[in-house]
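Before any comments, here is the structure.
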Amino acid sequence: MQLHTSRNKRAGLIFISPASFASTWSAGQGLWLRPVGIAPLGELHPVMDTDAVLPLAGGPYGFTHLDLVTGEATAGYQATRVSIAEARRITNDETAAQLATITCPRPAFAGLPMDRVQVMGILNVTPDSFSDGGRFCDVEAAIAHGCGMAADGAALLDVGGESTRPGAEPVSTEDELARIIPVISGLAKKGHLVSADTRHSAVMGPALAAGARIINDVSGFTDVGAAEVMGHAYLSASTNNCAIAMHMQGTPQTMQDDPEYGFVPIEVFDVLACHIDRLVAAGLPQSNIAVDPGFGFGKGPAHNAEVISWTSLFHGLGVPVLLGVSRKSSIPKLAASGGYKGGYGELSDDRLGGSLALTLAATAQGAQIIRTHDVAETVQAVAVQKGLE
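In our numbering, the protein residues as written are 10 to 398.
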């Protein structure tokens with residue numbers, strides 16, 4: 010099975026030689042850097058000169074090469090793969106600032122160290138979420154499940170009261186608050202780090218007041234007043250609240266209606282940069298922001314594959330990178346494209362293997378936070394990956 014992107018009237022990305030790139034690119038043009046040649050630093054340093062290897066976001070991985078990308082969506086993007094030294098030469102060292110951003114250690118996010126993978130447990134208190142809708146609508150059952158995920162190794166718990174699956178209808182502010190506030194409060198009182206999964210500014214303030222430390226917004230804080238809620242909460246309280254800004258093309262009602270991109274990783278990067286700028290302008294420090302490229306949100310299977318393959322690009326935003334791939338509907342399509350018979354995971358509960366494969370592909374490129382329904386299995390997978398480094 011061959012994966013096809015949805016209808017695409019815009020050009021994509023082509024790789025060209027370093028010489029062609031050098032003759033095409035000029036100072037002032039758009040330039041994006043994708044770290045490649047990524048491996049654990051312990052494997053790279055014994056076989057390479059130290060100045061030929063740079064650390065990736067201050068974590069356990071390093072990289073030896075870069076994909077330099079220029080262009081724009083309508084005309085298309087051009088890329089070339091070069092060593093770090095060659096990248097500096099071709100761009101007259103205009104890569105210096107971006108390399109500093111890519112390599113510098115990330116500060117702790119909501120108190121969690123970012124030099125190791127942190128697992129976020131999904132706790133949907135909704136009747137209609139795509140995977141676990143209706144299972145944890147009872148407050149006590151939801152709190153018990155959250156505590157169970159924490160016991161399994163979840164460092165933070167993401168409580169959501171509105172389904173954002175494709176085609177989902179919005180819920181009222183009153184209903185969303187009634188669903189999430191008792192659960193957030195109950196978990197916070199038990200000492201758990203809680204995130205509220207909401208895209209509505211009217212819900213964010215009460216969620217923070219109830220004990221949520223983080224707001225995880227699939228719309229990137231584009232709701233009227235959302236960024237201002239986050240900035241005001243930070244400036245006026247002692248909670249040191251944090252934000253996770255996700256990329257989504259369209260809304261849950263429309264996002265899978267033939268999504269279209271020129272080259273999805275670059276365009277997602279630029280939107281996420283705008284989300285960060287919006288939050289910073291509202292008063293939230295960049296050190297309190299993380300981003301999520303939005304696997305499955307306004308993207309077809311081929312788009313999602315590109316997002317995973319280009320995870321390292323998003324370190325150029327200078328903040329922690331979160332990936333949420335758990336049980337997503339692209340998994341059976343990606344599995345079928347691999348040429349094996351069966352085991353594709355047509356039902357959401359049968360997608361654990363694919364979820365873990367995508368997770369490890371992202372964490373091998375330095376992704377710091379993984380959002381999942383299957384906490385114990387995900388913790389085990391990333392722990393084994395760490396043990397092999």
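Note that beta-carbon positions come from the ideal geometry of N, C-alpha and C, so glycine has one too.
Is residue i close to chain B, meaning its C-beta is less than 9 angstroms from at least one C-beta of that chain?
{"i": "Leu244", "result": "Note that chain B does not occur in the displayed structure, where there is just one protein chain."}
Short check: CB of residue i to CB of residue j, under 9 angstroms?
{"i": "Leu75", "j": "Val62", "result": "no"}
{"i": "Ser296", "j": "Pro116", "result": "yes"}
{"i": "His284", "j": "Thr207", "result": "no"}
{"i": "Asn225", "j": "Ala205", "result": "yes"}
{"i": "Asp124", "j": "Pro69", "result": "yes"}
{"i": "Leu202", "j": "Arg222", "result": "yes"}
{"i": "Ala151", "j": "Gly195", "result": "yes"}
{"i": "Leu65", "j": "Pro44", "result": "yes"}
{"i": "Leu343", "j": "Pro310", "result": "yes"}
{"i": "Leu288", "j": "Ala236", "result": "yes"}
{"i": "Lys337", "j": "Gly307", "result": "no"}
{"i": "Thr381", "j": "Ser339", "result": "no"}
{"i": "Ser3", "j": "Thr135", "result": "Since the first residue shown for the chain is 10 and the last is 398, residue 3 is missing from the structure and cannot be characterised."}
{"i": "Leu77", "j": "Ala105", "result": "no"}
{"i": "Gly155", "j": "Asn133", "result": "no"}
{"i": "Ile379", "j": "Gly325", "result": "no"}
{"i": "Ala164", "j": "Leu121", "result": "yes"}
{"i": "Phe24", "j": "Ile99", "result": "no"}
{"i": "Thr79", "j": "Gly39", "result": "yes"}
{"i": "Gly375", "j": "Ile93", "result": "no"}
{"i": "Phe118", "j": "Gln377", "result": "yes"}
{"i": "Val148", "j": "Pro191", "result": "yes"}
If I follow the unbroken beta strand (DSSP E) through residue i, where does it start and stop?
{"i": "Arg380", "result": "Ile378 to Thr381"}
{"i": "Thr79", "result": "His74 to Glu81"}
{"i": "Phe424", "result": "Absent from the model: residue 424. The displayed extent of the chain is 10 to 398, so no value can be given."}
{"i": "Met257", "result": "Looking at the DSSP string, Met257 is not in any beta strand (DSSP E), and its letter there is neither H nor E."}
{"i": "Met239", "result": "Run containing Met239: none in the beta strand (DSSP E); it sits in the alpha helix (DSSP H), Ala235 to Ser245."}
{"i": "Ile298", "result": "Ile298 to Asp301"}
{"i": "Leu6", "result": "Examination of residue 6 is not possible in this model, given that the chain is present from 10 through 398 alone."}
{"i": "Ile224", "result": "Ile223 to Asp226"}
{"i": "Ser357", "result": "Counting along the chain, Ser357 falls outside any beta strand (DSSP E), and DSSP gives it neither H nor E."}
What are the boundary residues of the alpha helix (DSSP H) that residue i is part of?
{"i": "Asn313", "result": "Pro310 to Ser318"}
{"i": "Ile190", "result": "Thr182 to Lys198"}
{"i": "Leu365", "result": "Leu361 to Thr372"}
{"i": "Ser92", "result": "Careful: Ser92 lies outside any alpha helix (DSSP H), inside the beta strand (DSSP E) at Gly85 to Ser92."}
{"i": "Gln127", "result": "Note, Gln127: premise wrong, no alpha helix (DSSP H); beta strand (DSSP E) at Gln127 to Asn133."}
{"i": "Ser32", "result": "Pro27 to Thr33"}
{"i": "Asp286", "result": "Val273 to Ala290"}
{"i": "Ala392", "result": "Val384 to Leu397"}
{"i": "Gln339", "result": "Before going on, a small fix: residue 339 reads as Ser here, not Gln. It spans Ser339 to Ser346 - the alpha helix (DSSP H) in which Ser339 sits, taken as one unbroken run."}
{"i": "Val148", "result": "Val148 to Ala160"}
{"i": "Leu217", "result": "Ser210 to Ala219"}
{"i": "Gly51", "result": "Leu50 to Leu53"}
{"i": "Ala109", "result": "Ala105 to Thr112"}
Just confirm the distance between the C-beta atoms of residue i and residue j, as a whole number of angstroms; I'd bet it's less than 8 angstroms.
{"i": "Asn250", "j": "Met239", "result": "7 angstroms"}
{"i": "Pro27", "j": "Val91", "result": "5 angstroms"}
{"i": "Ala211", "j": "Gly229", "result": "At roughly 17 angstroms, the Cβ-Cβ gap does not stay under 8 angstroms, so Ala211 and Gly229 are not in contact."}
{"i": "Ala242", "j": "Leu217", "result": "5 angstroms"}
{"i": "Trp41", "j": "Ile275", "result": "6 angstroms"}
{"i": "Phe323", "j": "Leu281", "result": "7 angstroms"}
{"i": "Lys110", "j": "Gly67", "result": "Residue 110 is actually Thr in this sequence, not Lys. In fact, because the Cβ distance is near 11 angstroms, the residues do not count as touching under 8 angstroms."}
Is it right to say residue i is buried, meaning 16 or more other beta carbons lie within 10 angstroms of its own, or is it exposed?
{"i": "Asp301", "result": "buried"}
{"i": "Glu315", "result": "buried"}
{"i": "Ala270", "result": "First, the amino acid is wrong: residue 270 is Tyr here, not Ala. Flag for Tyr270 reads buried."}
{"i": "Gln4", "result": "What is shown of the chain runs 10 to 398, which leaves residue 4 out entirely."}
{"i": "Pro114", "result": "exposed"}
{"i": "Gly363", "result": "buried"}
{"i": "Tyr353", "result": "buried"}
{"i": "Thr83", "result": "exposed"}
{"i": "Ala36", "result": "exposed"}
{"i": "Tyr86", "result": "buried"}
{"i": "Asp358", "result": "exposed"}
{"i": "Ser138", "result": "Low confidence applies to Ser138: its pLDDT is 48, below 50, so where it sits in the model is not reliable enough to give any reading."}
{"i": "Asp60", "result": "exposed"}
{"i": "Gly396", "result": "exposed"}
{"i": "Ala390", "result": "buried"}
{"i": "Gly220", "result": "buried"}
{"i": "Glu426", "result": "There is no way to answer for residue 426, as the model of the chain reaches only from 10 to 398."}
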